[in-house]
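Accompanying notes for the structure given below.
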């Protein structure tokens, strides 16, 4: 099939947005940034954070804020995705299982208490306790012994080699004196990151302040406010109305022409390690048939979706890893857009079309995002062309994600916002990581994929420390997954940041985190006054 003419749709969309903008301005002539948040730097999020304790921060919104509140021994939230030291002054791996660590001598929690070896020991060794039971409990299980030498030096000995362990050290450190004896740290979050906690209003607003004693220097942003705005149009209006400074990956690409025409705003676009995919419940009577999944893969015109829905701001994916990743394997089975081949496969699988042209029906469960729903409806339309009748069902995020974790779905689409460490494959595809109602710390194998060879490879990939041998392991992993299709790989979306013109020193990271905010100079401090917007 071919998508309906894009130009007409875009013009209609832009006209609608401008009309809404005009009505909003006329209804509220006093809606200025001073009335809303004073001189705060305002970041708009599209989803609510689910807690600010780094030991439980599994949602993308939580992780973005937690990365500014809490610091780990290392960080992966860097401009190029490479690992950098943070709280650790040095980390020396003296054997495949032994790590000697020395902390910096200028690191403090936000209440002025020094960060010590005891805090790291508590954070790491309590993740798997009956009280805490963190989703990151695997870190504790891998440690054989944690030896505190003094307040700044300690030695970690693992039970067996674990190649990504230094990346695991990015977990934010929490203060032992505040958190010991509790499941989650009581009171205000207390970290050692560049910003300190001020307040939180439900799940819709979080305010932080610059931490004067941050070891890399005090941030130029005095007050940092995160606001949750779930409506796509409302996020754009916040930018155009001058009540927000930054929105990242939360403005629909079709809206970007409005931004590009604004004298107040500028955009920044860079490739990312984000990965969008179509997932299947492999216990579903129809979808457990590999031939059906192959037909679905052939029926989706991903290039057309990228062109018309993303305005080209995405790249086709062949698997979880982006082409720039050190472990990326290009020699994998591919399923190009070929609806005729899709029909042939379905015929061979015994799914002949009925009198109405329908072979079978599937539910396609998604979140309530308008943009994601429009993509799902387009995919459903394309699948309909080969005789698969798809019902798109959208739900509020909490309900949707609960259903996905409970395997109460047939087909869904989700995104991994950051695929930096290939050990993530184990979290997603190892048979031990199939969630169950009584296993709170279960992994992300939500489609119940099972393959003994994959399990063996993923365990070996975690143990192997030789880079070339490890690359070979993940090469085979990618080849198997591309053949067996527990996911249909869709695309890697670009990171697109929309920010107030005059904002200095911002950059995007491959994992789309906000590390740059610790060095950003807001427009009002840079003494750059944007040209006043002319009301349409």
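In the working numbering, the protein residues as written are 524 to 1059.
Think of the CB as a built atom: it goes at the ideal place given N, C-alpha and C, for glycine as much as any other residue.
Between residue 576 and residue 637, the alpha-carbon positions lie close to 19 Å from each other. Taken through DSSP and simplified to helix, strand or coil, residue 916 comes out as strand. Residue 796 carries a coil assignment under DSSP once its states are collapsed to helix, strand and coil. Beta-carbon to beta-carbon, residue 951 and residue 967 are separated by about 5 Å, close enough to satisfy the 8 Å threshold.
In the DSSP annotation of this structure, the continuous segment of the alpha helix (DSSP H) that includes residue 701 starts and ends at 699–702. For residue 939, the secondary structure class from DSSP, reduced to helix, strand or coil, is strand. In the structure shown, the three-state DSSP call for residue 967 is coil. Taking a 10 Å sphere around the C-beta of residue 572, we find 16 or more other C-beta atoms and assign the residue as buried.
Residue 671 and residue 677 have their C-alpha atoms spaced approximately 4 Å apart.
Sixteen is the threshold: since fewer than 16 other Cβ atoms of the shown chains lie within 10 Å of the Cβ of residue 849, the residue is exposed.
For a cut-off of 8 Å, the C-beta gap from residue 795 to residue 1033 is around 6 Å, short enough to register as a contact. Counting the other CB atoms within 10 Å of its CB gives residue 583 a total of 16 or more, which places it among the buried residues.
Closest option to residue 653, judged by alpha-carbon separation, among 705, 634, 621: 705. Judged by DSSP secondary structure, residue 889 falls within the beta strand (DSSP E) whose first and last residues are 883–890.
If one requires a minimum length of 4 residues, the alpha helix (DSSP H) runs lying completely within the stretch 831–890 are 862–871, in chain order. Per DSSP, the continuous alpha helix (DSSP H) segment holding residue 756 begins and ends at 755–763. By the neighbour-count definition (other C-beta atoms within 10 Å, threshold 16), residue 613 is an exposed residue. By alpha-carbon distance to residue 1021, the top candidate from 708, 603, 786, 589 is 786. Proximity to residue 694 across 919, 592, 980 peaks at 592, based on C-alpha coordinates. Going by DSSP, residue 731 is part of no alpha helix (DSSP H) but of the beta strand (DSSP E) stretching over 728–733.
Within the DSSP secondary-structure output, residue 1015 pairs in a beta bridge with 838.
When the alpha-carbon of residue 884 is set against those of 877, 894, 911, 561, the nearest one is in 911.
Taking C-alpha positions only, residue 816 is separated from residue 1011 by approximately 8 Å.
Non-local beta-carbon contacts of residue 568 in its own chain, meaning distances under 8 Å to residues more than five positions away in sequence, involve 584, 587, 749, 750, 751, 752, 773 in chain order. Sequence-distant Cβ neighbours of residue 710 in its own chain, meaning closer than 8 Å and more than five residues away, are 701. CA-CA distance, residue 958 to residue 581, rounds to 15 Å. Residue 1024 holds the alpha-carbon nearest to the alpha-carbon of residue 767 among 1041, 664, 1030, 1024.
Boundaries of the beta strand (DSSP E) around residue 568: 564–568. In the three-state scheme derived from DSSP, where H, G and I count as helix and E and B as strand, residue 690 is classed as helix. The continuous alpha helix (DSSP H) containing residue 952 extends over residues 947–952. The DSSP-derived three-state label of residue 911 is strand. Residue 828 and residue 845 have their C-alpha atoms roughly 19 Å apart.
With respect to residue 985, residue 660 sits apart: the two C-beta atoms are not nearer than 8 Å. The three-state secondary structure of residue 597, taken from DSSP, is strand.
According to DSSP, residue pairing for residue 826 in a beta bridge does not occur. Apart from the 5 residues on each side of it in sequence, residue 699 sits with its Cβ closer than 7 Å to the Cβ of 641, 642, 645 in its chain, given in chain order.
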